[in-house]
Amino acid sequence: MSDHLLVATRKGLFTLERKRSGWTANLIGFAGIPVTNALRDNGTIYTALKHGHFGPKLHRSDDDGESWRALAPPAFPADAAGAPSLFQIWSLDTGGRHHPDRLWIGAIPAGLFRSDDRGESWQFVASLWNVPERARWFGGGYDAAGIHSVSPDPRDADRVFIAISCGGVWETRDDGASWSVLGKGLFAPYVPPEQAEDSAIQDPHRVVRCAAAPDVMWMQHHAGIYRSADAGAHWTRLSLPCDDFGFAVVAHPRDAQTAWFVPAIKDEIRMPRDGAFGVTRTNDGGKTWQVMREGLPQRDAYDLIYRHGLDVDESGERLAMGSTTGALWTSENSGARWQLVNAHLPPIYAVRFV
Amino acid sequence: MAEVHFTSHLRNLVPDGPLSASGATVGEALTNLLAVQPHVRGYVLDDRGALRQHVCIFADGERLSRDSALSRRIGPDSKLYIMQALSGG
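These protein sequence lines are chains A and B, in that order. Heads up, the first sequence is in the numbering used here, so the first residue is 622 and it goes up one at a time. Heads up, the second sequence is in the numbering used here, so the first residue is 1290 and it goes up one at a time.
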C-alpha cells in the first residue's frame, strides 16, 4: 500500500505521510497559492499553479519539495484558432509505460499539451484543437471547455483517451496525429432534446479506466454514471439506489467490476443529500451498489469531492479523498470505513497516492 | 409566436412547459416575455440588459454566442431554449 499522498489545495501543496501514529499532513510548498493539480513521476513532483493575478504556472521538484524549479508552462501557439490563452492546467498525467519521459497536460480552454522531456518543453496538440466538433464544445465548471482526464492505453503506445467538459470523450490511435469522438450511449439533458445524444457536447465530469483491464472505463457524467467495456466507444448508464450526480470516480486497479463514486444531489444543488456524506461502490460492474458511510459525517456535511479529489492506491484497498470544505479522509479497507485525517485544510482540488 | 423553453433550474420561477413570445429577434422575444414574467428578468439578463454570462440560449438548435444572441433573428415557428451553463461546483 502507498504511504504517501500529494494534496493540491486552494492554498498550497501538501503531502500526507502515514506513520505509526497515523497520517500527518505537511504543507510542502506554494503557501497561499492555488495548486490545481500535482503529480509525482519517477522521483519528480510536478505542481500546477493558478496564481489569482498572475496566471497558470508549472514547477518541479526533484527532492520531494525541498526545492522547486519553475518550468515554462505550456502555451497556445500564436496561430491557434481563436487565439486562446491558457487559463488553467487542469490535469497532469504521465505518458504511461511506453513513454517514460512523457507528460500530458489537459487545460482550460480545452487544449492538450505533451512534453517528451519531462516538462522542460511542451508541444500543443493542434490536431485535437482543430477538430470541427470543437465549435460545439462549451464550458462545464468553468467558462471555457477543459480537458480533465487523459489516459494513455497501457497496451498500445499510440493510443490515448481523453475526456472534455463539455466536449465528450475522444481517442487517438496514431499518437495524436488524429482524433475520433467516442461516447455512444451518453445522454445530455442540459441541451435541447434533439442534441441530447450528440457525442461532442457531453459533459463527462471524470473518466478513469481499470489498469488491468484497460477496455473497462467508468464515467461520472453530469447526468448519471456510466460504464464502458470497449474503451469508451459505447457506454451503459448504471442505475443507482442513491444520487448519481457527482464529480469524482476511481477504478480498482485490477478488478474490472469495482469502482467508487461520491454522490451529491444533482446538479444545481451539489451537496450531500440531507447533509449525510457517503461514498458509493460497486463490486459487480454496476449491477448493485453499497453506500458506505462509516467514519463519514452523517449530519450537517456539505462536502463535495471534485474530479481529482478521490484516489485509490495500487492495492485497491487504500483510498483517500479531499473535499471542497477542506476535509480529508482515508480508508484502509476499500471504503468500508473512513478515517478523518484533517478537517481544516484549504479547499481540496486533487489527491494522489505516490 | 416563438416557443420558449426554460432550464429546469428556473422551474420555481417559470411555469413548466413552453411559453410563447412574439418578436423578430431573440432580444425582442425575451423583452416581450419578460414583460409578463418580470421576476425572471434578473435571472436571464444583467442590470445592463445584456445576457448573463452563464446563461446560454439555443435558437432552432443553434447555440448562440453570448455577444450576438439577443440580435439573432427568429421566425414565428422558432424554438428557443434558455439554458444554464454547467458552471460551478
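We put the beta carbon where it would ideally sit given N, CA and C, even for glycine. Bear in mind the structure is a predicted one, so any value in this text is a computation, not a measurement.
- At least 8 Å separates the beta-carbon of alanine 652 of chain A from that of valine 962 of chain A.
- Residue burial annotation: serine 736 of chain A is buried, with at least 16 other C-beta atoms found within 10 angstroms of its C-beta.
- Look at isoleucine 654 of chain A here: in three-state DSSP terms it is coil, with no helix or strand label.
- Neighbourhood of glycine 1350 of chain B in chain A, by CB distance below 7 Å: Pro813, Glu815 and Gln816, in chain order.
- Inter-residue distance for glutamine 960 of chain A and alanine 747 of chain A is about 44 Å (C-alpha atoms, whole angstroms).
- Residue nearest to lysine 887 of chain A within the set B/Met1290, B/Ser1297 and B/Glu1292 is B/Ser1297 (criterion: CA-CA distance).
- Here tryptophan 791 of chain A carries a strand assignment [DSSP, helix/strand/coil].
- Proximity to aspartate 864 of chain A across A/Ala885, A/Pro825 and A/Trp725 peaks at A/Ala885, based on C-alpha coordinates.
- Taking a contact to require three or more Cβ pairs closer than 8 Å, the stretch 874-883 of chain A and the stretch 817-832 of chain A qualify as touching.
- By the criterion of at least three beta-carbon pairs nearer than 8 Å, the stretch 672-684 of chain A is in contact with the stretch 704-720 of chain A.
- The bridge partners DSSP lists for leucine 859 of chain A are A/Ile846.
- From the listed residues A/Leu803, A/Pro814 and A/Pro813, the smallest Cα separation to serine 820 of chain A is found for A/Leu803.
- Contact annotation, proline 773 of chain A with phenylalanine 734 of chain A: C-beta distance approximately 14 Å; criterion of less than 8 Å not satisfied.
- Residue range 940-943 is occupied by the beta strand (DSSP E) that includes glycine 943 of chain A.
- Per DSSP, serine 1354 of chain B lies in no beta strand (DSSP E) segment and is marked neither H nor E.
- DSSP places glycine 947 of chain A outside both helix and strand once states are collapsed to three, so it counts as coil.
- When beta bridges are read from the DSSP output, asparagine 751 of chain A appears opposite no residue.
- The DSSP assignment places complete beta strand (DSSP E) segments of no fewer than 3 residues inside the stretch 687-711 of chain A at 690-692, in order along the chain.
- Contact annotation: the stretch 1300-1307 of chain B does not touch the stretch 1349-1366 of chain B, with fewer than three C-beta pairs closer than 8 Å.
- Nearest C-alpha to isoleucine 1346 of chain B among B/Pro1327, B/Leu1323, B/Val1329 and B/Gly1316: B/Gly1316.
- For methionine 1372 of chain B, at least one C-beta of chain A is nearer than 8 Å to its own C-beta.
- Secondary structure note for leucine 1319 of chain B: its alpha helix (DSSP H) is the uninterrupted segment 1315-1325.
- Around the beta carbon of glutamate 792 of chain A, 16 or more other beta carbons sit within 10 angstroms, so the residue counts as buried.
- Boundaries of the alpha helix (DSSP H) around tyrosine 1332 of chain B: 1330-1333.
- The alpha-carbon separation between asparagine 751 of chain A and aspartate 921 of chain A amounts to approximately 46 Å.
- For the stretch 903-932 of chain A, residues whose beta-carbon sits nearer than 7 Å to a beta-carbon of chain B comprise Leu925 and Tyr927.
- In the three-state DSSP reduction, serine 799 of chain A falls in the coil class, being neither helix nor strand.
- Excluding residues up to 5 positions away in sequence, Asp864 and Ile886 lie with their Cβ nearer than 7 Å to the Cβ of arginine 894 of chain A in the same chain.
- Leucine 670 of chain A and lysine 640 of chain A have their C-alpha atoms spaced approximately 28 Å apart.
- In the structure shown, glutamine 816 of chain A adopts helical secondary structure according to DSSP, grouped into three states.
- Remark: C-beta atoms of proline 825 of chain A and serine 786 of chain A approach each other more closely than 8 Å.
- In the three-state reduction of the DSSP assignment, alanine 877 of chain A falls in the coil class, being assigned neither a helical nor a strand state.
- Beta-bridge partners of glutamate 915 of chain A (DSSP): none assigned.
- Counting only runs of 4 or more residues that sit fully inside the stretch 720-779 of chain A, the alpha helix (DSSP H) segments are 747-750, in chain order.
- Put simply, the backbone Cα of serine 770 of chain A is about 26 Å away from that of proline 813 of chain A.
- Counting along the chain, leucine 634 of chain A sits inside the beta strand (DSSP E) bounded by residues 633-640.
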